[in-house]
Structure formats: C-alpha cells, structure tokens
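J.: These protein sequences, in sequence, are chains Y and L. Anchor point for the first sequence: position 83 equals 598 in my numbering, and the numbering is continuous, going up by one each time. Anchor point for the second sequence: position 26 equals 56 in my numbering, and the numbering is continuous, going up by one each time. We put the CB at the ideal spot given by N, CA and C, even for glycine. Everything numeric in this text was worked out from a predicted model, so none of it was measured. Before I ask anything, here is the structure I am working with.
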Amino acid sequence: DVKVTQSSRYLVKRTGEKVFLECVQDMDHENMFWYRQDPGLGLRLIYFSYDVKMKEKGDIPEGYSVSREKKERFSLILESASTNQTSMYLCASRPPRDRDEQYFGPGTRLTVT
Amino acid sequence: AQSVTQPDIHITVSEGASLELRCNYSYGATPYLFWYVQSPGQGLQLLLKYFSGDTLVQGIKGFEAEFKRSQSSFNLRKPSVHWSDAAEYFCAVGSFGQGGKLIFGQGTELSVKP
C-alpha cells in the first residue's frame, strides 16, 4: 500500500512565525502536491513538484514556498504565518503515469493565532 | 475556465435509501474523472476513477459513477446507503499531460439518518 505521511496532525502557530509542514511518501512517486482545504471551497492546489528540485505554482501560491531536496519528501513553508492561513493542509503523491490517481496523507490542521 | 461543481453542499439520506451525488465539470480537454471520500479527520480515499471506455464505472464500497459527456456530468451513486458512508465526497477532474494536476469540486457532505 502507498503510504503518505505528514509530520503533524495538528499544529498551532503564532502570527509571523515560519512554519514547516513535512510530507513523506514511500512509493518512489515523482509527483507530489500540496493543497489547502477550506469549508465550501474544496481542495485548492498550492504547489506541486514533478521531480527533485522541480516545482510549479498552483492556484494559490501566495504566502507559501516549497522544497523538494529528496524524492520522497516535499515540504511546504509558510514564510510568515498569518491568520488567513489557518486551514487543513493535505499532501498527495502520484506516479508519473497518466492513468494513476493521487494518494493523500491524513492532513495537518494548522491554526495560526 | 476549468471548473468542477458539486451543486449539493449537504445531503441527508436515510440508511438503506439510494444515493446520488452530482458532479458537473467544465473542462476544455478530454477529462479524466475521480471521486474521493474523506471521513472526519482523515485524508482523501479514492472511490473510483474514469479515463475512457465504459462510461459506467464501479468503485469500492458499492459505489458507481456514470460519465455523461453530453451533460458534462459524473454523478456518483449507491443503491443502499450504510451509516458508515457518512463523510465528505469530492469530485475531481484532470487531463492527460497535465502532470496529474486535478481540479476539485467544493465537496458534498453526506449525513445518514438511522
């Protein structure tokens, strides 16, 4: 079974802090994704990566950056957390074949106070 | 613009009743389509997917979905709902050559009455 893990299930941070969310997958997938999930808005893509050190902006990249130094790990960075970044963050991975789905981690619920 | 619409934010059905969750999409390329389910506090689990071929696809947990190109729809159905089906359901669309990127609908929350 594919396993995607996220470093924390719940996280509370203060406004202005630098926040790191970590995601690790164990299936050697090339593609990895970061989403945020908000009620009534579904999942919105923040960034995705199609290879080590390669990244591409999604629909809502403002206020976020990412890092992918190793194939299995994809990090989401909030440079200076703000209250409007309080949300559920979901990581996903996927092999490069077109007919494959994304596999999701359990999510990190981030609260910025 | 590319989009996915799930018109029903919240649906309540009685246990044992049939279920249909609606999904409509607007997408320029030939789409491939997914339904995911999210139980409370959990990540998303794939229920089923459609790429080509038979427009009626079977998934896990007794779910099925039908792709109707003329209506730009991919509705999810189950003939008899169980209390454990209470969850949030997401429809998503992507296309070949997009690196696996998906566009998700807003989600439909399903409640099941005893």
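From the DSSP output, in three-state form, read off Arg99/L for me.
T.: Residue mapping note: residue 99/L aligns to position 69 of the second sequence, counting from 1. Reduced to three states, the DSSP call for Arg99/L is helix.
J.: With three or more C-beta pairs closer than 8 Å as the rule, is the region 37-50 of chain L touching the region 59-72 of chain L?
T.: no
J.: Below 8 Å on the Cβ atoms is my guess for Val627/Y versus Gln600/Y; work out the distance and round it to an integer in Å.
T.: For the purposes of this step, residue 627/Y is taken as the residue at position 112 of the first sequence. For the purposes of this step, residue 600/Y is taken as the residue at position 85 of the first sequence. At roughly 5 Å, the Cβ-Cβ gap stays under 8 Å, so Val627/Y and Gln600/Y are in contact.
J.: With 7 Å set as the bound, which would you pick, yes or no: does the beta-carbon of Phe134/L sit closer than that to a beta-carbon of chain Y?
T.: Here residue 134/L refers to the residue found at position 104 of the second sequence. Yes - at least one Cβ of chain Y is within 7 Å of the one on Phe134/L.
J.: By alpha-carbon positions, which one of Glu616/Y, Leu558/Y and Gly573/Y ends up nearest to Cys125/L?
T.: Your numbering for residue 125/L matches position 95 in the second sequence. Note that residue 125/L is Ser in the sequence shown, not Cys. The candidate whose alpha carbon is nearest that of Ser125/L is Glu616/Y.
J.: List, from N- to C-terminal side, the beta strand (DSSP E) runs of 3 residues or more that fit wholly inside the region 46-126 of chain L.
T.: DSSP runs (the beta strand (DSSP E)) wholly in the region 46-126 of chain L: 49-51, 54-56, 61-68, 74-80, 86-88, 94-98, 103-108 and 117-125.
J.: Let me know the secondary structure DSSP gives Thr598/Y once reduced to three states.
T.: For the purposes of this step, residue 598/Y is identified with residue 83 of the first sequence, where counting begins at 1. The answer is helix: DSSP assigns Thr598/Y an H, G or I state.
J.: Is it a yes or a no for the region 93-110 of chain L touching the region 601-611 of chain Y, going by three-plus beta-carbon pairs under 8 Å?
T.: no
J.: Out of Gly578/Y, Gln552/Y, Ala607/Y and Glu584/Y, which one is the CA nearest neighbour of Thr631/Y?
T.: No statement about residue 631/Y is possible, as the shown extent of chain Y runs from 516 to 628 and does not include it.
J.: Alpha carbons only, please: which of Thr60/L, Gln72/L and Arg99/L is nearest the one belonging to Glu118/L?
T.: Here residue 118/L is taken as the residue at index 88 of the second sequence, counted from 1. Looking from the CA of Glu118/L, the closest CA among Thr60/L, Gln72/L and Arg99/L belongs to Gln72/L.
J.: Give a yes or no on whether the minimum CB-CB distance between Glu616/Y and chain L is below 7 Å.
T.: Indexing the first sequence from 1 puts residue 616/Y at position 101. Yes, Glu616/Y counts as interfacial toward chain L.
J.: Return the residues of the region 74-87 of chain L that lie within a Cβ-Cβ distance of less than 8 Å from chain Y, sorted by chain order.
T.: Leu74, Gln75, Leu76, Lys79 and Phe81
J.: What in chain L is Cβ-close to Tyr565/Y, meaning under 9 Å?
T.: Here residue 565/Y refers to the residue found at position 50 when the first sequence is read from its first residue. Under the 9 Å cutoff, chain L gives Gly129 and Gly130.
J.: Which residue or residues does DSSP assign as beta-bridge partners of Lys572/Y?
T.: Locating residue 572/Y in the first sequence gives position 57, where the first residue counts as 1. Note: Lys572/Y sits in a beta bridge opposite Tyr562/Y.
J.: Closest Cβ-Cβ distance between Gln101/L and chain C: below 7 Å?
T.: No chain C is part of this structure, whose protein chains are labelled Y and L.
J.: For Arg519/Y versus Ser608/Y, is the C-beta spacing smaller than 7 Å?
T.: The residue you call residue 519/Y lines up with position 4 of the first sequence. The residue you call residue 608/Y lines up with position 93 of the first sequence. Before going on, a small fix: residue 519/Y reads as Val here, not Arg. Cβ distance < 7 Å, so Val519/Y and Ser608/Y count as in contact.
J.: Along chain Y, which residues have their Cβ under 9 Å away from the Cβ of Gly137/L?
T.: Residue 137/L sits at position 107 when you count from the first residue of the second sequence. The contacting residues are Gln552, Pro554, Gly555, Leu556, Gly557 and Leu558.
J.: Using only CA atoms, which one of Gly573/Y, Arg551/Y, Glu594/Y and Met547/Y lies nearest to Val567/Y?
T.: As a first step, residue 567/Y must be located in the first sequence, where it is residue number 52. Of Gly573/Y, Arg551/Y, Glu594/Y and Met547/Y, the residue nearest in Cα terms is Met547/Y.
J.: For Lys143/L, which residues in the same chain have their Cβ closer than 8 Å to its Cβ, ignoring the five residues on either side in sequence?
T.: The count along the second sequence starts at 1 and reaches residue 143/L at position 113. These residues qualify, in order along the chain: Thr42, Val43, Ser44 and Glu45.
J.: Leaving out five residues before and five after Phe97/L in sequence, what residues of the same chain have Cβ atoms less than 7 Å from its Cβ?
T.: Counting from 1 along the second sequence, the entry for residue 97/L is found at position 67. These residues qualify, in order along the chain: Leu63, Tyr80, Thr85 and Phe104.
J.: Can you check which of these residues, Ser114/L, Lys131/L, Leu78/L and Gly135/L, is closest to Arg107/L by C-alpha distance?
T.: On the second sequence, residue 107/L is found 77 positions in, with the first residue counted as 1. When only C-alpha atoms are compared, the closest one is Leu78/L.
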